[in-house]
């Protein structure tokens, strides 16, 4: 085949440009591709002192790997094989936490390897790291219509001849194979996380700082993932302890159930600024969660919808006695005139519009004045 290049496309005659294209689209083609020659040093006998001699020879420059790891059986691969492949794909990234090898041939064909990276708070920087191949030919790294939204935070490769190409987004989303692939990958990811949790809880907890954001995002955005993740998702408190959702409910229910039978979770989104409120809650033996990630507001809403008779309140939204109201009533020691007098003093001192002053009877352990 001879390609004829137009005058305005002569950049495609440059060796560096051709190398770039081949690296992108044919790096893992199943047939070897020769791109010129290269010089290699090979042994050439020994010298008079018995030391090995070498000489330079010209050999074919094969620029692709014909058997990438996703085409091999997991049993034939070592951890170093997976890590080496990751470095080849993402040479400037930190090493992944762990990975999943995908391999299914019915009712659709799909192979691949997905890696769990160390996530940072900037979601957008993490996206478009999954590369889609069809029979080892690169197609695209825009896979948002093929895998669930939250899985786009993963890195790696998926290869499937059953994903329709060059079709509209609406057609792609409605395609039965794409839906099956979507569900399969979601299940494999959830199963892997569940396996890690059950196999080595301590190791899983150590990784939670790096994978917690991903798990929460998946629970918020994908119902099927939530159903599996609710058993291994963790929440942490201000004492750096981690609990599953069931464990945490059992922990706080005895003390943090209000007079209506609702279990109240208290949380902080800025522990340093809310320290006084946290200390006040701790004096009553109330536990305080730390929920300060970029998506925790959505995660809180999700939990309130899913957890029966549970309410989640920010620890500084009121005083502890008001956050978890009990049947017991604190004795009011001020007369009606004294309440009015105290109210007037604070109304004069506070000039911020919209601020309201409320005088209530509190437990002696509470702070005397609280601004919420």
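In the working numbering, the protein residues as written are 990 to 1361.
Glycine included, C-beta positions come from ideal geometry on N, C-alpha and C.
Taking the Cα of residue 1300 as reference, the smallest distance to any Cα among 1253, 1330, 1005, 1230 is reached at 1253. As a beta-bridge residue in DSSP terms, residue 1257 pairs with 1279. The bridge partners DSSP lists for residue 1144 are 1104. Distance from the Cα of residue 1264 is smallest, within the candidate group 1283, 1292, 1303, for 1303. With 16 or more other Cβ atoms from the protein chains shown falling within 10 Å of its own Cβ, residue 1057 counts as buried. Secondary structure at residue 1042: strand, using DSSP grouped into helix, strand and coil. Of the other Cβ atoms in all chains shown, fewer than 16 fall within 10 Å of the Cβ of residue 1344; this residue is therefore exposed. Annotated three-state conformation of residue 1123 is strand, per DSSP. By the neighbour-count definition (other C-beta atoms within 10 Å, threshold 16), residue 998 is an exposed residue. Contact between residue 1149 and residue 1119 fails: their C-beta atoms lie close to 12 Å from each other, not under 8 Å. With contact defined as three or more Cβ pairs closer than 8 Å, the segment 998-1017 and the segment 1050-1070 are in contact. Check the Cα spacing between residue 1280 and each of 1151, 1259, 1011: the tightest is with 1259. The Cβ-Cβ distance between residue 1222 and residue 1241 does not fall below 7 Å. Membership of residue 1024 in the beta strand (DSSP E) is indicated by the continuous run 1023-1035.
Of the other Cβ atoms in all chains shown, 16 or more fall within 10 Å of the Cβ of residue 1226; this residue is therefore buried.
In the three-state DSSP reduction, residue 1300 falls in the strand class (E or B). Taking the CA atoms as reference points, residue 1066 sits about 28 Å from residue 1214.
Distance between residue 1272 and residue 1063, taken at the CA atoms: about 53 Å. In the DSSP assignment, residue 1286 falls within the alpha helix (DSSP H) that extends over 1285-1295.
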